[in-house]
Amino acid sequence: MQFTIAIDGPAAAGKGTISKAVAAHYGFAHLDTGLLYRAVGAKTLAGIDVLEAAITLTAEDLTASDLRTPEVAQAASKVAVLADVRAALVDFQIAFARRSGGAVLDGRDIGTVICPRAEAKLFVTASAEVRAARRYLELSQNGHDVTREAVLEDVKARDARDMNRAEAPLKPAEDAVLIDTSDLGIEAAIAAAVAAIDARKG
21 MQFTIAIDGP
31 AAAGKGTISK
41 AVAAHYGFAH
51 LDTGLLYRAV
61 GAKTLAGIDV
71 LEAAITLTAE
81 DLTASDLRTP
91 EVAQAASKVA
101 VLADVRAALV
111 DFQIAFARRS
121 GGAVLDGRDI
131 GTVICPRAEA
141 KLFVTASAEV
151 RAARRYLELS
161 QNGHDVTREA
171 VLEDVKARDA
181 RDMNRAEAPL
191 KPAEDAVLID
201 TSDLGIEAAI
211 AAAVAAIDAR
221 KG
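Heads up: the sequence shown begins at 21 in the working numbering, then just goes up one per residue.
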């Protein structure tokens with residue numbers, strides 16, 4: 021059985037948490053496609069040419085311990101605007117999406133570019149202020165020395181870069197179900213996602 025769930029949205033909207041829960045609920049495989057770009061970004065920070073980093077990406081690269089740092093997040097956002105990098109990573113994502121047994125992919129262009137024929141599409145969002153507060157809490161709890169103001173500026177900068185890039189800009193697919201998590205707890209957001217997907221599963 022092939023059933024693809026595409027979940028898109030900006031940073032810290034909750035799409036990763038929702039995607040993992042949805043995958044567990046249905047027993048589907050899950051791919052955080054943002055990790056692909058974070059892994060490429062991390063390799064470029066280590067001095068590797070950006071296209072070489074994308075072409076030679078391995079599964080082991082996706083498990084590196086430093087992929088959630090602010091520096092890698094910024095690097096990921098910068099390499100993600102490059103057409104050659106995106107092209108190098110597309111085949112991997114498409115193959116994952118059509119695997120037998122069902123798949124959940126979360127990212128920024130899954131429903132619009134990678135899996136335009138996905139059986140279910142969600143766009144998870146929240147206000148920039150709410151997303152920045154979540155990211156600040158996550159980073160500070162992990163020992164990063166950040167300020168709320170700097171994190172908010174970072175979120176807004178990433179939004180602008182993601183939404184205005186020429187290649188696969190961040191936007192909801194026309195047939196995506198919008199879930200705004202600004203005022204939703206985790207369980208409520210997951211429930212909304214499952215309800216939307218169940219409606220598509222029939």
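Just so you know, even glycine gets a beta-carbon here, dropped at the ideal spot from N, CA and C. Please read all numbers here as calculations on a predicted model, not as lab measurements.
Figure out for me which residue from the options has the closest Cα to the Cα of residue i.
i    : options                : result
E80  : I206, T24, L56, N184   : L56
K35  : L125, V105, K176, G222 : L125
F143 : M21, E187, A26         : A26
V105 : E169, A188, T145       : A188
Under a Cβ-count criterion, where at least 16 other Cβ atoms within 10 Å of its own Cβ denotes burial, should residue i be classed as buried or exposed?
i    : result
R155 : buried
K221 : exposed
T83  : exposed
Q113 : buried
D28  : buried
D129 : buried
S39  : buried
R236 : Residue 236 lies beyond the stretch modelled for the chain, which goes from 21 to 222, so this question has no answer here.
Have a look at residue i and residue j and give me their C-alpha separation to the nearest angstrom.
i    : j    : result
A177 : Q22  : 37 Å
D182 : G131 : 15 Å
F48  : A138 : 14 Å
Quick check on DSSP: helix, strand or coil for residue i?
i    : result
L190 : coil
L204 : coil
A66  : coil
D195 : coil
Which runs of the beta strand (DSSP E) spanning at least 3 residues fall entirely within the segment 126-176, listed in chain order? 140-145
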